[in-house]
Structures are given as C-alpha cells and as structure tokens.
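Peer 1:
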Amino acid sequence: MSFAWDEEKERRNVAKHKILFAEAITVFDDPLFVIAADDDHSLVEKRFIILGESSRGRLLVVGYAKRGKDTRIINARKATPKERKNYEEEI
C-alpha cells in the first residue's frame, strides 16, 4: 500500500493533535482495525476513517481518501473515549 499526504496539512495536524502521519499510517497494520465511510466529509471525493492501534500503542482515528494507487492521509487524532469503547466492542 502506498501512502501520501500534504506536508503543510501534516504540520497543522501535529500542532493540533500531536500525531505525525508516519505514525498514523501504522494503524493500517493493526489486524483489528475498523474502517467506515466518512460520508460527512465525502462531498468532493469518497473519504474513509480507520480506527486502529498505532505502532506506538495509541488508538487513532485517521481520515483518508483513495487517490489512484495512493492512500492519501487527511488527518489523524487520538480516539475519543466513545470511539475507544466502540473499538473494544468490535474486538
């Protein structure tokens, strides 16, 4: 899987959420990840969110879109308590 992102968007994400996109992409390696359509943010392109554990052991929510062969990372943040509960109920 090939990943891409906008460097300026990553800089803003780090300032706001303290999460590098290089860590965010590791949630795709979580065998228990959960993916859902992000219909609220799919006006121009189909977007998705993935909820999974990163390589640093943090439960993250990552927004992304498929663009050609690339998975383009849009944002990443720590999961809320409700999202954590949903993840734990799925596993």
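Residue numbers (my numbering): -15 to 75. C-beta: ideal position from N, C-alpha, C; glycine also.
#1: Which residue's Cα is closest to the Cα of D(-10): D22, N59, L44, A21?
#2: If distances are taken between C-alpha atoms only, which option among M(-15), N70, R(-4) comes closest to F12?
#3: Roughly how many angstroms lie between the CA atoms of T64 and I3, to the nearest whole one?
#4: Round the Cβ separation of S38 and T10 to the nearest angstrom and send it over; I've been treating them as touching at under 8 angstroms.
#5: What is the DSSP secondary structure of R(-4), reduced to helix, strand or coil?
Peer 2: In short:
#1: Here residue -10 corresponds to residue number 6 of the sequence shown, with the count starting at 1. Among D22, N59, L44, A21, the Cα nearest to that of D(-10) is on N59.
#2: Walking along the sequence shown from the start, residue 12 turns up at place 28. Here the closest residue by C-alpha is M(-15).
#3: The count along the sequence shown starts at 1 and reaches residue 64 at position 80. The count along the sequence shown starts at 1 and reaches residue 3 at position 19. Their Cα atoms are separated by approximately 15 angstroms.
#4: The residue given as residue 38 occupies position 54 in the sequence shown. The residue given as residue 10 occupies position 26 in the sequence shown. So it is a contact: roughly 5 angstroms between Cβ atoms.
#5: The residue given as residue -4 occupies position 12 in the sequence shown. Three-state DSSP puts R(-4) in a helix.
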